[in-house]
Every structure is written in C-alpha cells, then in structure tokens.
Amino acid sequence: MPRTAGRQLVQPPGPTNVPDRVLRALATPTVDHRGPICQQLVKDCLTGFERNFGFGDPVVMYAASGTGAWMAALTNTLSPGDTVLGFETGQFAKLWSEMVSDLGLKLQMEPTDWRSPVDLNKLESILKVDKAHAIKAVCIVHNETSTGVTSDVPGVRKVMDAVGHPALLMVDTISGLGSLPYDHKAWKVDVTIGGSQKGLMLPPGLSFTVPSAKALEANKTAKLGKGYWKWAPIIAANKDGMFPYTPATNMLFALREALALLQEEGMQAVFARHARLAEATRRAVQGWGLELVCKEPKYASNTVTAILTPDGKDADEVRNVIYDKYNISLGAGLGNWNKKIFRIGHLGDFNETMLTGVLAGVEMGLDAAGVRIQKGGVTAALNYLAGA
Ligand code: PLP
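Be aware that the sequence shown starts at 56, since it is given in this note's numbering, and climbs by one per residue.
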C-alpha cells in the first residue's frame, strides 16, 4: 500500500486530475432533469462544446464511458454485413474492432506493430482496390492511448478524398480532444467520438459522438439496432435542452465548468501546454536512456508517453514500486504490451511542477525497482521546461 500523506498523483492517461472547480460543480444539488435549470444546463454544455471545438455539427451526449460512444457511432450509421476498415494501432483500436465484429459487421483489420500510426500508403492501396465501395466506414483512433502514438487524421481524410472513396470517416479522439489540435469540420470527420475522463478533466462516465451531415444521412437508412444510442430523439430533444431519458445531470454541471476552464485558458494555450509537458517527458525518458514505444518521434503523443522497460523487466513490478514508495499511479501496458511498458499520462489539468514531481518519482522508482537507467532524466526535463 502506498503512503497516504499528501495527494496521490494519478497519472494513467485517463482518468485525469479533476480540477477543484469541476469537483465543486459536480457537487451541485441534483436538479429536476425536466425543469428549466437543466434545460439551460444542457444548452450551455452544447454551446460550450461549439465555442471550444467548433464542431459545426450536433454533439450527442451519453451517460456512458467511451466504449458506449463507439457503439453509438457504429449502430447509428451502419447495417448488418457492412464492411468496416480498421487499423490495429493498439489496444483501443483492437477493442473497437471487436465491437465491430460483435455487431454483425464485417471487419477488415490492418495489423501494425503497435508502435506506429495509421499507415496512409496502406490505406490508399486498400481504398483503391475497393472499387465497389464495399467499405462503408474507416474507423481510426486519433491518439492511441495504449502506445502513445498519434495518427494523422487530416492525412487520412486527404487519402480518402484523393481516392474518391465515399466511406464514412469515424475518429475516436477520446484521449486527444481537449489536449491535441483537432478539427472535426476542416478534416471532414463523419463521426467524432469523445469521452469525459481525459482532456475534458471530468470523471469517467460521459461520452459523446459528433455526427456530420453525411453521417446523419447514413443514419436514415442504417439498419443496425440502435436502442439507447439512437441519435434522432436525442438531437430533437436537445434543441429544447431536454433528453429523451434522464441525463447524467451532475456530470453536465461538471462539463459546463470544465468547458469554461478550457475557454478561460484558451484552446491554443491548452495545446501548447500539452506539447510542452510531453516534450519534457520525452527528454526525461531520453535522459534515462530508455526507449519510447512510439517509433517515429513526429507521431509521439502529446498526452501520453509509453516507455519500454529494458532487459525484460516486468513493467508492472516497476509500477508497483513507484506506487508503493511514491504514491504515483502510472498506466499499465495493455494487450500486446502487457507487463512490457509503463505509461505516463500528461494530459488534462496538469502543469510543470506536477509533471516534474511525477518524473522525479519515476526516476527514483526506476532505480529502486532495479531498472538500469542513466541519472539525469529529471534534470533534462527541468532544463527544457526552464527554457520553454
Ligand atoms: N478509446 C481510447 C483512445 C481510450 O483511451 C479509451 C479508454 O482509455 C477508450 C477508447 C475506451 O473508453 P472507456 O474506457 O471510457 O470506455
């Protein structure tokens, strides 16, 4: 068990730290979800989304984790037997693809080494061959939280347009939105998928989809069962600040506050802060002489850094030492990376001194766990941050 004095540093790449202002909003006395306070709250959340992210399309919110929003995206747009193209960039792309198969859709999954982004050349060759347009959707994970690799979403759109392929483009930006630049409109994303517990600085439990006009058109003929996830009644009710069922009212109070916090800081400043903290983390990793999971530096994620433990050292043992000795909870290796890597989340309500505290704990913990590292990782991060 970790020492209990002081705050635990919760550093998986989500759930992230929830700012005190958001926690206080969460503790607002619960209101009648059919009354005027909630109506205004829903409208404020929707306008807050638009103000911060400029989606230009409706946001459909769910009382569900991100996995629920994956399901909403698929069921609202596709019919049994449709083909979905995916790229197995890591554990989350894999889990989403399992849902694709489970729903009775045909899955065409391109493997990767779990260290790289979506391969645009491969995408191009697959779409070129698909002359009959059997592929109805291309589903990609913007920021693969399990590997710390970010894919080039506008690049994907460019390839789809160049080939003239009409498939819908669905993008999971659950661990990117609110932390990394993302442009649903300009990148012509057909369904954007987000979740609460990452860059939006909320507890887990809220997720959403943003359907484009093209996705809403596809929705009219999509034959998969939609149940709870059906877009049309939610979009219709939201126009009056209502929901067809009981929304997660207290999460909406928190969401309104979190969107206000992001606006106050300014989205460009938020992105710059994430880029700065990520670069400092990478400098520390380099200083320790350890290896990133992400192979090509230009795709390294600015929200999470995944690090290989050397010499076959069990990464979970290392994480446990860091947890017990320094009260820091780091992200585990998932799927193919089970026990081989650990992940440092540096997203959400996070700043320089919080990061340097984490890096100091990791440096001491690596040493205590018997991982052979060079000293100087923290110093490299400090030097970078001092000049950034
Ligand atoms: N997609 C990505 C990129 C994620 O990081 C996660 C969770 O970490 C999910 C999907 C699944 O979301 P949830 O666990 O909220 O269902």
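Note that beta-carbon positions come from the ideal geometry of N, C-alpha and C, so glycine has one too.
Considering Ile-399, what are the terminal residues of the beta strand (DSSP E) in which it resides? As a working note, residue 399 is residue 344 in the sequence shown. 396-400 is the span of the beta strand (DSSP E), which, as asked, contains Ile-399.
Under 7 Å from any heavy atom of ligand 1, does the C-beta of Thr-144 make it? The sequence position of residue 144 within the sequence shown is 89, counting from 1. Thr-144 Cβ: outside cutoff for every heavy atom of ligand 1.
Do Asp-207 and Leu-175 have their beta-carbon atoms positioned less than 8 Å apart in this structure? Taking the first residue of the sequence shown as 1, we reach residue 175 at position 120. Taking the first residue of the sequence shown as 1, we reach residue 207 at position 152. In this structure, Asp-207 lies closer than 8 Å to Leu-175 by Cβ.
In chain order, what residues of the same chain lie with their CB nearer than 8 Å to the CB of Leu-347, ignoring the 5 residues before and after it? Here the question's residue 347 lines up with position 292 in the sequence shown. So the qualifying residues of the chain are Gly-203, Arg-337, Val-340, Ala-355, Thr-360, Ala-361, Ile-362, Leu-363.
Cβ atoms of Met-256 and Ala-313: under 8 Å apart, would you say? On the sequence shown, position 258 is the one that residue 313 refers to. On the sequence shown, position 201 is the one that residue 256 refers to. In contact: Ala-313 and Met-256 (Cβ atoms closer than 8 Å).
DSSP beta-bridge partners for Leu-162? Working through the sequence shown from its first residue, we reach residue 162 at position 107. In DSSP, Leu-162 forms a bridge with Val-139.
Curious, which full-length beta strand (DSSP E) runs of at least 3 residues does the region 335-392 contain? 359-363, 383-387
Do the region 402-418 and the region 270-282 meet, that is, are 3 or more Cβ pairs less than 8 Å apart? no
Identified DSSP bridge partners for Glu-199: Sequence index remark: in the sequence shown, residue 199 carries index 144 (1-based). According to DSSP, Glu-199 bridges with Val-204.
With 16 other CB atoms within 10 Å as the buried threshold, where does Arg-212 fall? The sequence position of residue 212 within the sequence shown is 157, counting from 1. Per the 10 Å Cβ criterion, buried.
At a threshold of 7 Å, does Asp-404 count as lining ligand 1 (C-beta to nearest heavy atom)? Position 349 of the sequence shown, counted from the first residue, corresponds to residue 404. No, ligand 1 has no heavy atom inside 7 Å of this Cβ.
Find out if the Cβ-Cβ distance for the pair Ala-436, Ala-335 is shorter than 8 Å. Walking along the sequence shown from the start, residue 436 turns up at place 381. Walking along the sequence shown from the start, residue 335 turns up at place 280. In this structure, Ala-335 lies closer than 8 Å to Ala-436 by Cβ.
Taking the runs of the beta strand (DSSP E) that are 3 residues or longer, which of them lie wholly in the region 248-272? 262-266
So, Pro-444 versus Gly-103, is the Cβ gap smaller than 8 Å? Past the edges of the chain, shown from 56 to 443, lies residue 444, and the structure says nothing about it.
Whole angstroms are fine: how far does the CA of Tyr-283 sit from the CA of Thr-205? Taking the first residue of the sequence shown as position 1, residue 205 is located at position 150. Taking the first residue of the sequence shown as position 1, residue 283 is located at position 228. Approximately 31 Å between the Cα atoms of the pair.
Within the same chain, show all residues whose beta-carbon is closer than 6 Å to that of Lys-161, passing over the 5 residues directly before and after it, in chain order. On the sequence shown, residue 161 is found 106 positions in, with the first residue counted as 1. If we look at Lys-161 and ignore the five residues flanking it on each side, its Cβ neighbours are Thr-138.
Drop a sphere of 10 angstroms on the beta-carbon of Asn-393, count the other beta-carbons inside from all chains shown, and report buried for 16 or more, exposed for fewer. Your numbering for residue 393 matches position 338 in the sequence shown. Looking at its Cβ environment, which holds fewer than 16 other Cβ atoms inside 10 Å, Asn-393 is exposed.
What's the C-alpha gap between Lys-430 and Pro-365? As a working note, residue 430 is residue 375 in the sequence shown. As a working note, residue 365 is residue 310 in the sequence shown. Straight-line Cα distance between these residues: approximately 15 Å.
Beta carbon of Arg-398, beta carbon of Pro-70: below 8 Å? Translated into the one-based positions of the sequence shown, residue 398 becomes position 343. Translated into the one-based positions of the sequence shown, residue 70 becomes position 15. No, the Cβ-Cβ distance between Arg-398 and Pro-70 is not below 8 Å.
Compute every distance between the C-beta of Pro-352 and the non-hydrogen atoms of ligand 1, then say whether any falls below 7 Å. As a working mapping, residue 352 is identified with position 297 in the sequence shown. No; taking the cut-off as 7 Å, the Cβ of Pro-352 has no heavy atom of ligand 1 nearer than that.
With respect to 7 Å, is the separation between the Cβ of Asn-198 and the closest non-hydrogen atom of ligand 2 below this value? The ligand content of the structure shown is limited to ligand 1, which means ligand 2 is not among them.
Determine, using beta carbons only, whether Thr-144 and Thr-167 come nearer to each other than 8 Å. Counting from 1 along the sequence shown, the entry for residue 144 is found at position 89. Counting from 1 along the sequence shown, the entry for residue 167 is found at position 112. Going by C-beta atoms, Thr-144 is nearer than 8 Å to Thr-167.
In chain order, what residues of the same chain lie with their CB nearer than 8 Å to the CB of Ile-428, ignoring the 5 residues before and after it? For the purposes of this step, residue 428 is taken as the residue at position 373 of the sequence shown. Here the set comprises Trp-343, Gly-344, Leu-345, Glu-418, Leu-421, Asp-422.
Spatial neighbours of Ala-424 in its chain, beta-carbon cut-off 6 Å, leaving aside the 5 residues before and after: Locating residue 424 in the sequence shown gives position 369, counting from the first residue. Counting only Cβ-Cβ distances below 6 Å, and skipping sequence neighbours, we find Val-373, Val-376.
To the nearest angstrom, report how far apart Met-56 and Leu-414 are at their CA atoms. Stepping through the sequence shown from its first residue, residue 56 is reached at position 1. Stepping through the sequence shown from its first residue, residue 414 is reached at position 359. Using only the alpha carbons, I get a separation of about 20 Å.
What are the residues that DSSP puts in a beta bridge with Met-116? Locating residue 116 in the sequence shown gives position 61, counting from the first residue. According to DSSP, which records beta bridges pairwise, Met-116 is partnered with Phe-263.
Applying the criterion that 16 or more other CB atoms from any shown protein chain within 10 Å of the CB defines a buried residue, is Asn-406 buried or exposed? On the sequence shown, position 351 is the one that residue 406 refers to. Answer is exposed; the Cβ neighbour count stays below 16.
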